[in-house]
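Chemist: In the numbering used here, the protein residues as written are 39 to 332.
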Amino acid sequence: MPRAWNTNDKTYVLFHNRFDMASYNPQTDYPTVLLFDIGGVCVVSPFQAILDYEKRQNIPLGYINHSISASAPNGAWQRLERGEILLDAGFFQHFKADLSDPQRWKDYYAKTNKTTAQKIPPVADIDVEWLFWEMMGNSRRPDPHMWPALQRLRAVADKSNGKLILGALSNTSIWPPNHPFSDPNTPEGKQNAALRACFDVFVSSAHVGMRKPAEDIYQYAIVRLHEYVKTKGYGKGVRAQDITFLDDIGGNLRTAKKLGMGTIKVQLGRTDKAVVELERITGLRLRDDDKARL
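#1: Which of the three DSSP states, helix, strand or coil, is assigned to P180?
#2: Using 8 Å as the Cβ pair cut-off and three pairs as the minimum, do the stretch 188-198 and the stretch 94-106 touch?
#3: Considering only the beta carbon of each residue, do V79 and D238 sit closer than 9 Å?
#4: Going by DSSP, what residues sit across from I390 in a beta bridge?
#5: Let me check understanding here. Comparing Cα to Cα, which of Y272, P84, T150, G121 lies closest to N96?
#6: Pairs of beta-carbons, one from the stretch 304-311 and one from the stretch 275-283, closer than 8 Å: are there three or more?
#7: Can you tell me the Cα-Cα spacing of P222 and A232, whole angstroms?
#8: Just mark P215 as buried or exposed, buried being the case when its beta carbon has 16 or more other beta carbons within 10 Å.
#9: In angstroms, rounded to a whole number, what distance separates the CA positions of D286 and V304?
#10: Taking A206 as part of the alpha helix (DSSP H), name the residues at either end of that continuous run.
#11: At the level of alpha carbons, what is the spacing between A108 and F133?
#12: So which of E172, N290, A312, A235 has the shortest CA-CA distance to D254?
#13: Taking the beta strand (DSSP E) that F240 falls in, what are its first and last residues?
#14: I'd like to check one pair, D67 with G273: are the Cβ atoms closer than 9 Å?
#15: P69 and L202: beta carbons closer than 9 Å?
#16: Check the C-beta distance from A259 over to E119 and give it rounded, since I have them as a contact under 8 Å.
#17: With respect to the beta strand (DSSP E) encompassing T301, which residues constitute its N-terminal and C-terminal limits?
#18: Taking just the CA atoms, how far does V194 sit from T320?
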């Protein structure tokens with residue numbers, strides 16, 4: 039395998055492809071920015087835990103996500119991700135109520151099962167606390183396709199003189215005090231720190247009081263990326279059209295596209311396809327040779 043960094047022509051050789059940086063002028067050019075969602079993109083999707091729970095409990099598939107979305111903009115889930123409420127018993131009580139709305143249950147059940155109102159069972163008794171932590175546990179695990187690709191992108195970005203910038207824009211929650219997920223000495227905490235270290239800019243919804251798909255958090259992310267590039271002397275700044283945004287939720291991608299960003303839809307369980315698209319955009323080999331042949 040050739041040396042990764044070619045000092046003669048200032049290119050980065052990664053799995054036999056070159057990311058050319060010799061032509062990049064930080065004084066006059068704009069960088070390539072890859073902006074990543076976290077859950078379902080860089081780590082295993084929490085939606086898989088929802089799907090598995092619905093199957094086990096004979097709940098109509100999609101009902102829980104539908105109820106979360108239908109409770110916007112001021113449901114428990116949305117308020118938690120904007121950092122407006124604590125992750126405590128009050129949140130779980132509010133979340134339970136959002137998922138137990140009788141009319142919403144009746145309408146969704148009738149629609150998905152094509153049945154009459156007389157045959158609709160009582161609202162499902164969802165164990166929201168167990169489900170929430172199962173979702174969060176799922177999303178502690180790095181995605182087997184995107185995680186190695188992200189590490190390779192980080193290695194390239196470190197040598198790119200600002201041509202390649204990596205950012206994250208994620209809807210998040212703030213863990214309770216002393217929770218293992220916030221402890222940097224636990225395996226989960228160490229993995230989270232390693233993940234965050236991959237990004238030049240990390241925008242966490244619960245810490246900035248905004249969440250996707252509202253436009254304000256995207257505008258905030260653009261400003262943060264622009265300021266990072268300018269402060270580092272890496273280029274003229276960052277515009278929306280310099281950014282490619284990866285997310286697993288269509289509504290989040292629609293806002294990004296409306297603002298002028300490029301987008302990549304990451305399908306549940308098919309992050310490998312998103313990695314292929316990243317290879318196309320960057321010209322880099324981001325998969326192992328055996329995976330690239332699949």
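Where is the CB? At the ideal position from N, CA and C, for every residue including glycine.
Modeler: Here's the rundown:
#1: By one-based count along the sequence shown, residue 180 stands at place 142. When secondary structure is reduced to three states using DSSP, P180 falls in the strand class.
#2: no
#3: As a working mapping, residue 79 is identified with position 41 in the sequence shown. As a working mapping, residue 238 is identified with position 200 in the sequence shown. Not closer than 9 Å, so no.
#4: Because the chain spans 39 through 332 in this model, residue 390 falls outside it and cannot be assessed.
#5: Against the sequence shown, residue 96 aligns to sequence position 58. For the residues Y272, P84, T150, G121, the minimum Cα distance to N96 belongs to T150.
#6: Judged by pairs of C-beta atoms under 8 Å, the stretch 304-311 does not touch the stretch 275-283, as fewer than three such pairs exist.
#7: Here the question's residue 222 lines up with position 184 in the sequence shown. Here the question's residue 232 lines up with position 194 in the sequence shown. So the alpha carbons of these two residues sit roughly 10 Å apart.
#8: Taking the first residue of the sequence shown as 1, we reach residue 215 at position 177. The Cβ neighbour count for P215, taken over all protein chains shown within 10 Å, is under 16; the residue is labelled exposed.
#9: Residue 286 sits at position 248 when you count from the first residue of the sequence shown. Residue 304 sits at position 266 when you count from the first residue of the sequence shown. If I take the Cα positions, the gap works out to 5 Å.
#10: As a working mapping, residue 206 is identified with position 168 in the sequence shown. Taken as a continuous stretch (DSSP letters only), A206 belongs to no alpha helix (DSSP H), being part of the beta strand (DSSP E) at 202-208.
#11: For the purposes of this step, residue 108 is taken as residue 70 along the sequence shown, with counting starting at 1. For the purposes of this step, residue 133 is taken as residue 95 along the sequence shown, with counting starting at 1. Approximately 12 Å, taken between the alpha carbons.
#12: Taking the sequence shown and counting its residues from 1, one reaches residue 254 at position 216. Considering only alpha carbons, the answer is N290.
#13: For the purposes of this step, residue 240 is taken as the residue at position 202 of the sequence shown. It spans 239-242 - the beta strand (DSSP E) in which F240 sits, taken as one unbroken run.
#14: Locating residue 273 in the sequence shown gives position 235, where the first residue counts as 1. Locating residue 67 in the sequence shown gives position 29, where the first residue counts as 1. Yes, Cβ-Cβ distance for G273 and D67 is below 9 Å.
#15: Counting from 1 along the sequence shown, the entry for residue 69 is found at position 31. Counting from 1 along the sequence shown, the entry for residue 202 is found at position 164. In this structure, L202 lies closer than 9 Å to P69 by Cβ.
#16: Counting from 1 along the sequence shown, the entry for residue 259 is found at position 221. Counting from 1 along the sequence shown, the entry for residue 119 is found at position 81. 15 Å between Cβ atoms; not a contact.
#17: Taking the sequence shown and counting its residues from 1, the one referred to as residue 301 is at position 263. Judged by DSSP secondary structure, T301 falls within the beta strand (DSSP E) whose first and last residues are 300-303.
#18: In the sequence shown, the residue the question calls residue 320 occupies position 282. In the sequence shown, the residue the question calls residue 194 occupies position 156. Going from the Cα of T320 to the Cα of V194 covers about 10 Å.
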